[in-house]
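In terms of the numbering used here, the sequence shown opens at residue 95 and continues consecutively.
We put the CB at the ideal spot given by N, CA and C, even for glycine.
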Amino acid sequence: MSFFSKLFGKKPSSTKPVEERNMFNLQTDDIITYDLEDYKVVGKISYDDHGFTWHAYQLEGVNRTMWLSVEMDDELYLGMYEKIKLKPQEPFPKKIEHEGTTFYLDESGTARVTGLGRSQNINGMNCQYFDYCDDDEEKFLSVEKWGSEVEVSVGYEIEQFELKIIASN
95 MSFFSKLFGK KPSSTKPVEE RNMFNLQTDD IITYDLEDYK VVGKISYDDH GFTWHAYQLE
155 GVNRTMWLSV EMDDELYLGM YEKIKLKPQE PFPKKIEHEG TTFYLDESGT ARVTGLGRSQ
215 NINGMNCQYF DYCDDDEEKF LSVEKWGSEV EVSVGYEIEQ FELKIIASN
């Protein structure tokens, strides 16, 4: 190979092609546009309750952090959740009141989790979960117990067309 070929020749490609993203393979640093706001994927939690799996992506926006819940159960279910300051009494009740809405316990269980990004510190932990919904099944309340810590989030269902994904690499 001549000097000029080495200098001006085609460089070997060292980058791999970007994998097309979907709701199940989002990666940290991907950008999700929702409701005219951009969010960066900064963490992912995958839950496994005896073979039934679902995911929660931590989305960091300019002014707030949201969680995108992704579940396949006959069809794709997507939800947007935001943490709230609520400390329900244990054992967790069959119904919880929050801001004028009554939420009723829908399902509960224990899931083994794996985490990526900001959520990597929970790898291998078990999480007790308690999912609540209102009468109209339009608003949802999620209670997760991580050891002695309890996290509560409120959310609602969204449609896939409401999200735009921009892959990071």
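Status (buried if at least 16 other CB within 10 Å, exposed otherwise) for residue i
| i | result |
| --- | --- |
| F255 | exposed |
| F118 | exposed |
| Y141 | buried |
| V112 | exposed |
| I126 | buried |
| K138 | buried |
Three-state secondary structure assigned by DSSP to residue i
| i | result |
| --- | --- |
| E232 | coil |
| N263 | coil |
| F118 | coil |
| F186 | coil |
| E256 | helix |
| V164 | strand |
| L130 | coil |
Cβ-heavy atom distance, residue i to the ligand ADP, below 8 Å
| i | result |
| --- | --- |
| E201 | Judged by which ligands are present, the structure shown has none, so any question about the ligand ADP falls away. |
One or two residues paired with residue i in a DSSP bridge
| i | result |
| --- | --- |
| R206 | D142 and N220 |
| S247 | K177 and S236 |
| G137 | Q152 and G211 |
Three CB pairs or more closer than 8 Å across the segment 215–224 and the segment 146–153 = Segments in contact, no.
Sufficient close CB pairs (3 or more, under 8 Å) joining the segment 239–251 to the segment 162–177 | Under the 8 Å Cβ criterion, the segment 239–251 counts as touching the segment 162–177, having at least three qualifying pairs.
Does the count of Cβ pairs from the segment 206–215 and the segment 129–146 closer than 8 Å reach three?
-> Contact between the segment 206–215 and the segment 129–146 is present, because at least three Cβ pairs lie under 8 Å.
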